[in-house]
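**Q**
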């Protein structure tokens, strides 16, 4: 989102969260993590059954329904004005405000068309973080503090500066990686390329010493993950996360039209960590809620540990330099 509009959107979202929180009443005795929704059936509960005030919950839902964001426009006509030249596709229009409220794993409120897939912009970063956790758990990434250049040899980390960038640096948006990805430079300079989100020139800092929210660097990170898995990241995410948690088949991770590389003799798309330049993860609210519940349950779904609890803890711990920012979340 642009620096002008983002505070307005966040203020509305934060107020909605406060309203939902105010609906919570006295604790109800339950075993945390006991219920996981089946693929074809997500059970519902009345607010009172899970310790919530029905009237306050209704007020929160009505607030959200009546405060739809103005950005992006329904027809995405302001996309390039806000973010710059598109690299990937974008839908003809987006859906209206919709959502679910989950308490103790159960649906207690739902509004709008929650089964319509739409671009979810930087939520894709949390999905990249999840894939990174799986890579770490499997040993494809030996240590988050290892330089990426140790295992990724595609030229992106050859310079003396970039050779210092670690996996953790990328995850915490502190990499200060220098270079260009898919026609966008990490310096974010230029109105045509970056629209209203263009930045001012500044001295580059040492990797790990400075936080900057930067989609070019995250796209570099996504390519690095592709390099260690040697398998399209959407396929990894589908097989290791979305299928096990019972998600639908309507979501997709759309690459830029120019983001293709050769991995082991096969042509593969490298995905992005957002939708500011088109593409990204297009997903519905129900599937998104399942993904969120996975993280609320410390990476576990039923009897399967999809992401290790230790990684979840690291990912949700604020970094030293970011504004309460963990691993791409």
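Residue numbers (the numbering used here): 5 to 333. Built from N, CA and C at the ideal position, the CB exists for glycine as well. None of these values were measured; they are calculated from a predicted model.
1. Rounded C-beta distance between residue 298 and residue 249? I'm assuming under 8 Å.
2. Consult DSSP for residue 122 and reduce its assignment to one of helix, strand or coil.
3. Rounded to the nearest angstrom, what separates residue 33 and residue 108 at their Cα positions?
4. Assuming the contact rule is C-beta atoms closer than 8 Å, residue 229 and residue 155 should be a hit. Round their C-beta distance to whole Å, please.
5. With a floor of 3 residues, list each beta strand (DSSP E) that falls wholly inside the region 61 to 147, ordered by position along the chain.
6. Relative to the C-alpha of residue 179, which residue among 98, 220 and 269 is closest?
7. For residue 131 versus residue 245, is the C-beta spacing smaller than 9 Å?
8. Take the Cβ of residue 193 as the centre, count every other Cβ of all protein chains shown within 10 Å, and call the residue buried at 16 or more, exposed below.
9. Suppose only complete runs of 3+ residues qualify. What are the beta strand (DSSP E) ranges in the region 234 to 315, listed by chain order?
10. With distances taken from CA atoms, which of 168, 153 and 280 is nearest residue 232?
11. Comparing C-alpha positions only, which one of 80, 88 and 85 sits nearest to residue 100?
12. Hey, how far is the Cα of residue 326 from the Cα of residue 290?
13. Answer yes if the region 274 to 284 comes into contact with the region 108 to 128, meaning at least three C-beta pairs across the two stretches below 8 Å, and no otherwise.
14. Starting from the Cα of residue 251, find the closest Cα among 213, 305, 258 and 88 and give me that residue.
15. Can you give the Cα-Cα distance for residue 258 and residue 92, rounded to whole angstroms?
16. Can you give me the Cβ contacts of residue 39 inside the same chain, cut-off strictly under 6 Å, excluding the 5 residues immediately before and after it?
17. Quick check on DSSP: helix, strand or coil for residue 51?
18. Using CA coordinates, which residue listed in 145, 200 and 227 is at the minimum distance from residue 185?
19. Can you have a look at residue 164 and say buried or exposed, based on whether 16 or more other CB atoms are within 10 angstroms of its CB?
20. Is residue 274 close to chain B, meaning its C-beta is less than 9 Å from at least one C-beta of that chain?
21. If you pair each beta-carbon of the region 236 to 243 with each one of the region 189 to 208, do three or more pairs fall below 8 Å?
22. Under three-state DSSP, which class holds residue 196?
23. Pull the bridge partners of residue 151 from the DSSP assignment, please.
24. What is the C-beta distance between residue 187 and residue 160, in whole angstroms, given that I count them as a contact (C-beta under 8 Å)?
25. Closest to residue 268 by C-alpha separation, out of 235, 146, 198 and 118, would be which residue?
26. Give the DSSP bridge partners of residue 317, in chain order.
27. Can you check which of these residues, 177, 320, 46 and 272, is closest to residue 211 by C-alpha distance?
28. From this set, 307, 308, 330 and 214, which residue's C-alpha is nearest residue 315's C-alpha?
**A** For this structure:
1. Between residue 249 and residue 298 the Cβ distance is about 5 Å, and since that is below 8 Å, they are a contact.
2. strand
3. Any reading at residue 33 must be qualified, since the residue scores a pLDDT of 45, below 50, and its modelled position is unreliable; the value itself is stated next. The straight-line gap from Cα to Cα measures roughly 10 Å.
4. In fact, because the Cβ distance is near 11 Å, the residues do not count as touching under 8 Å.
5. 103 to 107 and 110 to 115
6. Of the candidates 98, 220 and 269, the residue whose Cα lies closest to the Cα of residue 179 is 220.
7. yes
8. exposed
9. 256 to 258, 264 to 267, 270 to 273 and 284 to 287
10. 153
11. 80
12. Roughly 30 Å between the two C-alpha positions.
13. yes
14. 305
15. Computed Cα separation, rounded: 8 Å.
16. 109
17. helix
18. 227
19. exposed
20. No chain B appears in the structure shown, which is made up of a single protein chain.
21. Taking 8 Å as the limit for Cβ pairs, the verdict is that the region 189 to 208 does not touch the region 236 to 243.
22. Residue 196: helix per DSSP, three-state reduction.
23. 170
24. Contact flag wrong, Cβ pair sits at about 15 Å.
25. The shortest Cα separation from residue 268 among 235, 146, 198 and 118 belongs to 235.
26. None, per the DSSP bridge assignment.
27. 177
28. With distances taken between Cα atoms, residue 315 lies closest to 330.
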